[in-house]
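Written below as structure tokens is the structure these notes are about.
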Amino acid sequence: TNCGQTGTEGPTQSDCNSEYSGTSLEGQVTVNNGIQQWTVPYDGTYTIEVWGAQGGTSGRYSGGLGARMRGDFLLQAEVMLNILVGQTGQNLSNCNTGAGGGSFVWDYIESPIIISGGGGGAGGANQGNDGVSTQNGTNAYPSGGSPGTNGNGADPGGAGWYSNGINGPNGAGGGISPLN
């Protein structure tokens, strides 16, 4: 989970301690700069499911939904996984809003295991695009731009695995790659 955190910063250790209290994850998750880290307790097949966050809402227009990915992975004991959970984009009235963050799980050698794209933010009089579960992103609507491709960030827009997104007009910040 996002451990109750919103905005551009990830959760703190205290946020996750509260979120996971009384569950099987209590005391098992360490937070490092907003990235949750969990060590695989024993060899086996694990189901990992990730959801990108929804984009922000603008007036009566909704942000796009985040994509959902799920898979079974053979993991070895003592491997530490890094988990970055995307957060909902900023809601604003009658103007362009923030996109939802993607969710990423990767191993200690910085190899992605599973990634799910966040939804686009609504703008003025347009719904946000839904997130995708492909290597390439989508164009911003209606302004276009260049979508992220092959794990690289968009121009302007969200980050990819390999690179940040480019900043947009009017001070809109591009997304930041988990590697950064």
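Using my numbering, the first residue of the sequence shown is number 1, and each one after it goes up by one. We put the beta carbon where it would ideally sit given N, CA and C, even for glycine. All values reported here derive from a predicted model rather than from experimental measurement.
Straight-line Cα distance separating residue j from residue i
i    : j    : result
G157 : Y20  : 32 Å
A122 : T138 : 14 Å
Q76  : I109 : 14 Å
G168 : I176 : 13 Å
T30  : R70  : 23 Å
V105 : Q5   : 18 Å
G7   : R60  : 21 Å
G74  : V50  : Looking at the sequence provided, one finds Leu at residue 74 rather than Gly. So the alpha carbons of these two residues sit roughly 17 Å apart.
T57  : L179 : 28 Å
T134 : Q87  : 19 Å
T23  : A125 : 42 Å
I166 : G101 : 15 Å
A159 : G174 : 7 Å
L92  : D43  : 46 Å
I83  : S103 : 8 Å
Residue i in three-state terms, based on DSSP
i    : result
P169 : helix
_Does the contact criterion of 3 or more C-beta pairs under 8 Å hold for the region 91-99 versus the region 9-28?_
no
List, from N- to C-terminal side, the alpha helix (DSSP H) runs of 4 residues or more that fit wholly inside the region 5-57. 13-20
Beta strand (DSSP E) segments (min. 3 residues) lying fully within the region 52-94: 68-75 and 80-84
* Asked: What are the uninterrupted segments assigned as beta strand (DSSP E) that are 3 or more residues long and contained completely in the region 97-169, given in chain order?
  -> 103-106 and 112-116
Within the chosen definition, does the region 145-163 reach the region 79-94 through at least 3 CB pairs nearer than 8 Å? no
| Using 8 Å as the threshold, is the region 30-39 in touch with the region 115-129, meaning 3 or more CB pairs across them? | no
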